[in-house]
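Under this note's numbering, the letters of the sequence shown match residues 850 to 1246, in that order. Some notes on the structure that comes next.
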Amino acid sequence: MKILVVNAGSSSLKYQLFDMDKNTVIAKGLCEKIGIGGAITHKRPGKADYHEDIELKDHDDAIALVLKLLTDPELGVISSVDEIDAVGHRVAHGGKLKASMIVTDEVLHYLESIVGINPLHGPPAIKGINACKKVMPGKPMVTVFDTSFHSTMPEKSYIYALPYEYYEKYQVRRYGFHGTSHRYVAREAAKFVGKPMEELKIITCHCGNGSSFTAVKNGKVIDTSMGFTPQEGLPMGTRCGSIDPTIVTYLMKQEGLTPDQMDDVLNKKSGLLGVSGVSSDMREVWAAADAGNERAKLALDILIQDAKKIIGSYIAEMGGIDVLLFTAGIGENDRAFRAGVCKDMEYLGIKIDEAYNASCPRGENVELTAPGAKVRTLVIPTDEELMIATDTLNLIK
Ligand code: ADP
C-alpha cells in the first residue's frame, strides 16, 4: 500500500509518499513560492536531493509536478500514479467534523463553508484537495484535521466567556490545533511507558514555530492552549499568544490600525520576534541572549514562564500528571528550553536528569526523568505525516 500525504499551504505544498507495508517514507519534498515564482525540492532516502526552480502558477501545477517527479524514470520512486492507493490531506480546521474522513462533495462543501473561521489555511487546503482530484480522479482521498483530536473537550473548556450568541451565530469557541501531532505523541508516550492511554494523564508540549500544549486525560483531550485560532496560548515565533484582549482595541485606536493591520501585528510581528527584536527563530534568540542581548533573554524568560503556567494549570485541571512530553522543533531540540521549563517543578513530581537532557540523542524517543521522580518526562519526535497516512490507510481499508 502506498499513501501520498499532502500538506498544502498558501504558497507551499509539502508531500510524503509512504510505503505502508514497510512503514517507510520513499520520497518527500516541498513545492515553494506557488503563485509567486516556483521551486521544488524532492528527496529520496539515500539519494541526492533534487532541486529545480520552475514556475508554479497554482496548486494544480504543484501537484502535477510532484506526480511527474514521483514517476520520473530517474528521479521517481514509482512507475505510475496507479501505484498510489490513496491520498491523505492535512487540513488545519475541521470545524464540527470530529474525525478524519473520506473526502466527499459534502465534506468539501462543508470545508468551503467554514473558510471564514479558517481564512489562512482553509483555501489552500481545499485547493490541494481539488488539485489532487483533478489529476487522480477516483483515487480515495482522506482529510485529517488538526482540530479533531480536541473534539473531546468538555464545553467548559471550549466556550469563551463572551455573549453566548457569538458561539451560536459565528461558532466562536476554542477548537485547538496541532491535534494530529498531539494525538501521535500521546499515543507514542503511552507505548513508551507501557500503559494504555486510558489510564494516563499526559501533557503534550508541542513547541515549534507555532506552539500548543494539550492536557490528555484518560485518552481524551480535556483542554488545549490554542483556541478559536492558532493565536491563543504560548507566545510563538511571531504570534503573541494570550494577551489581555483589550490591548487589541486600545492599540487599534492609538495607532489607527485597521483590523487587518492589527492581525498582522498579532500574528507576524509579535512573539519571540516582537519582544527580542532579533528573530522568530529560537536558535537565533538564544544566540543573541548568550551574547548579552537583554530583550532576547526577556523573550526566552517569558516563553519559559508561560510554558510553566500552562503545565501547572493542566496538572490542576487533570488532578495530577503521569507523563510530561516535549515535541516539535523547540521541544525536540532545545535542551535549555526543556531544562528551563522543568526547573523547580519537583514539588509537582517533575524532575529531569539535567546531564542526560544536555546530551541525549536527537530524533528518537528519549526519557529525561531523574531517578525517583514521579512524573515520566519524555521527548517524542512528532510525525504528523505518519499519523495522516495511518488514518488514511485505516479509512480506505
Ligand atoms: P513549525 O511550527 O514551523 O513546524 P518547527 O516545529 O520546525 O516549526 O520548529 C521550529 C522552531 O524550532 C524554530 O524556532 C527553531 O529555531 C527551533 N529549533 C530547531 N532546532 C533547534 C535547536 N537545535 N535548538 C533550538 N531550537 C531549535
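Beta carbons: idealized from backbone N, C-alpha and C, even for Gly.
Item, Value
"Would the beta-carbon of Phe-1026 fall within 8 Å of that of Ala-941?", "yes"
"Are the beta-carbon atoms belonging to Ile-1179 and Cys-1056 less than 8 Å from one another?", "yes"
"Please list, following the chain, all residues that have a C-beta closer than 6 Å to any non-hydrogen atom of ligand 1.", "Gly-1057, Asn-1058, Gly-1059, Gly-1086, Asp-1130, Met-1131, Arg-1132, Ala-1177, Gly-1178, Ile-1179, Asn-1182 and Asp-1183"
"Cutting at 8 Å between CB atoms, please list the residues of its own chain near Gly-1161, excluding the five before and the five after it.", "Leu-1197"
"Could you give the uninterrupted runs of the alpha helix (DSSP H) lying entirely in the segment 1120-1152, keeping only those of 4 residues or more?", "1120-1125 and 1131-1139"
"Per the contact definition of three or more C-beta pairs closer than 8 Å, is the segment 1101-1116 in contact with the segment 1055-1074?", "no"
"Determine, using beta carbons only, whether Lys-892 and Lys-877 come nearer to each other than 8 Å.", "yes"
"Suppose you measure from the CA of Val-991 to the CA of Gly-977; what does that come to, to the nearest Å?", "12 Å"
"What is the residue span of the alpha helix (DSSP H) that Tyr-1205 lies within?", "1203-1208"
"Is it buried or exposed, Asp-1183, if we count other Cβ atoms within 10 angstroms and call 16 or more buried?", "buried"
"Can you name the residues that DSSP bridges to Gln-865?", "Val-854 and Lys-877"
"Across which residues does DSSP place Cys-1054 in a beta bridge pair?", "Phe-1062 and Phe-1175"
"Between the alpha carbons of Pro-986 and Ile-1201, how many angstroms are there, rounded?", "52 Å"
"Note down the Cα distance separating Thr-920 from Val-956, rounded to an integer number of angstroms.", "30 Å"
"Over what stretch of residues does the alpha helix (DSSP H) that includes Met-1111 continue unbroken?", "1108-1117"
"Could you check which residue in Asn-1142, Glu-1143 and Leu-1152 has the C-alpha nearest to that of Pro-1119?", "This sequence places Ser at residue 1119; Pro is not what is there. Taking only the C-alpha atoms, the option nearest Ser-1119 is Leu-1152."
"Compute the beta-carbon to beta-carbon distance between Val-930 and Val-855, rounded to the nearest angstrom, for a pair I have assumed lies under 8 Å.", "Their Cβ separation, rounded to whole angstroms, is 14 Å, which puts Val-930 and Val-855 out of contact at 8 Å."
"In the DSSP assignment, what are the bridge partners of Val-1215?", "Val-1228"
"Could you pull the DSSP bridge partners for Thr-1001 from this structure?", "Thr-1001 is not bridged to any residue."
"Since I believe Thr-1063 is in contact with Thr-1073 (beta carbons under 8 Å), could you give me their beta-carbon distance rounded to a whole number of angstroms?", "4 Å"
"Alpha carbon to alpha carbon, how far is Thr-890 from Leu-1173? Give it in angstroms, no decimals.", "35 Å"
"For Asn-1142 and Ile-903, what's the separation of their Cα atoms in angstroms?", "41 Å"
"Taking the alpha helix (DSSP H) that His-1027 falls in, what are its first and last residues?", "That residue, His-1027, is in no alpha helix (DSSP H); it is neither H nor E in DSSP."
"Does DSSP put Phe-1077 in a helix, in a strand, or in coil?", "coil"
"Smallest Cα separation from Lys-863: which of Val-1127, Ile-883 and Ile-1008?", "Ile-883"
"Short check: CB of Asn-1214 to CB of Ile-1229, under 8 Å?", "yes"
"Who are the Cβ neighbours of Ala-1054 in its own chain at under 6 Å, not counting the five residues just before and after it?", "It is Cys, not Ala, that sits at residue 1054 in the sequence shown. Excluding residues within five positions, the ones whose Cβ falls inside 6 Å are Phe-1062, Phe-1175 and Gly-1180."
"Could you give the DSSP three-state label for Arg-893: helix, strand or coil?", "coil"
"Nearest-angstrom Cα distance between Gly-1169 and Arg-1132?", "32 Å"
"Between the alpha carbons of Arg-1022 and Gly-943, how many angstroms are there, rounded?", "13 Å"
"Kindly indicate which residue of Lys-982, Asp-1171 and Asp-1155 has the alpha-carbon position closest to the one of Met-1046.", "Asp-1171"
"Which whole-angstrom value describes the C-beta separation of Tyr-1016 and Ile-1008, a residue pair presumed to lie in contact below a C-beta threshold of 8 Å?", "6 Å"
"According to DSSP, is Asp-1072 part of a helix, a strand, or is it coil?", "strand"
"Rounded to whole angstroms, what's the CA-CA distance from Ser-792 to Phe-867? Just pull it up for me.", "Shown here, the chain extends from 850 to 1246; a query on residue 792 therefore has no answer."
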